[in-house]
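Trainee: A single structure is presented below for examination.
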Amino acid sequence: MGNIDDSLKSHSYTQVPHRRHMPPRRMEEQRAQPQPIGDKCNPLCPLFICGRGALFIANKPFKGRVIRTAQCRLTGGECIGGECQYSSCRVNSILPDNRCAKALERRISRASDEELFKQIMQIEEYDISDFKH
Numbered sequence: 001m002g003n004i005d006d007s008l009k010s011h012s013y014t015q016v017p018h019r020r021h022m023p024p025r026r027m028e029e030q031r032a033q034p035q036p037i038g039d040k041c042n043p044l045c046p047l048f049i050c051g052r053g054a055l056f057i058a059n060k061p062f063k064g065r066v067i068r069t070a071q072c073r074l075t076g077g078e079c080i081g082g083e084c085q086y087s088s089c090r091v092n093s094i095l096p097d098n099r100c101a102k103a104l105e106r107r108i109s110r111a112s113d114e115e116l117f118k119q120i121m122q123i124e125e126y127d128i129s130d131f132k133h
């Protein structure tokens, strides 16, 4: 009969070194990106700020999964986001109608250089005399 230590060695488990013996983790710098829902401001966005400091994120179970919800300590209910008078954004992108300016920037497609050049050429082809009465 083998020793207990021999039976443990035969398993395919690998021993993980203790945390203090592991190299330190590098914290990767990540830029906070706006996370709007459609065009609307989202209180779960990392750039969203409550002016009263009443915003907190709660984890709630929903249909067998855990979802994050934004809660307000002032009202005791869910945060209404950009509709609240105390809502603000770290990059000042909340518009008065509760839309995120950063989301609108993404939706507007940038014109290519070729398209801009064609438009400039069309404008230059006009003669000033065509516009005079």
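For the sequence shown, the positions run 1 to 133 when the working numbering is used. All C-beta atoms in this analysis are idealised placements derived from N, C-alpha and C, irrespective of residue type, glycine included.
Could you compute how far the alpha carbon of Ala103 sits from the alpha carbon of Ile94?
Mentor: Ala103 and Ile94: Cα-Cα distance of roughly 10 Å.
Trainee: State the DSSP-derived secondary structure class of Ala103, mapped to helix, strand or coil.
Mentor: It is helical.
Trainee: Nearest to Cys72 by alpha carbon, out of Asp39, Phe62, Cys84 and Pro61?
Mentor: It is Cys84 whose Cα lies nearest to the Cα of Cys72.
Trainee: My output table needs one value for Lys118: the three-state DSSP class, helix, strand or coil.
Mentor: Helix.
Trainee: Under 7 Å, do Ile32 and Pro43 count as touching if we go by C-beta distance?
Mentor: The question names Ile, but residue 32 in the sequence shown is Ala. No; because the gap between Cβ atoms is not below 7 Å, this pair is not in contact.
Trainee: Report yes if the CB atom of Arg90 is closer than 7 Å to the CB atom of Asp39, and no otherwise.
Mentor: Result no, Cβ atoms of Arg90 and Asp39 do not sit closer than 7 Å.
Trainee: Between Gly77, Gln122, Gly81 and Gly53, which lies nearest to Ile37 when the distance is taken from Cα to Cα?
Mentor: Here the closest residue by C-alpha is Gly81.
Trainee: Return the chain-ordered list of same chain residues with a C-beta closer than 7 Å to the C-beta of Arg68, the five sequence neighbours on each side being excluded.
Mentor: Cβ neighbours of Arg68 beyond the five flanking positions: Leu44, Ile57 and Asn59.
Trainee: Pull up the distance between the alpha-carbon of Tyr86 and that of Thr75, whole angstroms please.
Mentor: Roughly 12 Å separates the two Cα atoms.
Trainee: Within a Cβ cutoff of 6 Å, which residues of the same chain sit near Gln35, ignoring the five residues on either side of it in sequence?
Mentor: If we look at Gln35 and ignore the five residues flanking it on each side, its Cβ neighbours are Asn42 and Cys45.
Trainee: Tell me which residue opens and which closes the beta strand (DSSP E) that Ser87 is part of.
Mentor: Unbroken beta strand (DSSP E) run through Ser87: Ser87 to Cys89.
Trainee: Does Leu116 pass the burial test, meaning 16 or more other C-beta atoms within 10 Å, or should it be called exposed?
Mentor: Answer is exposed; the Cβ neighbour count stays below 16.
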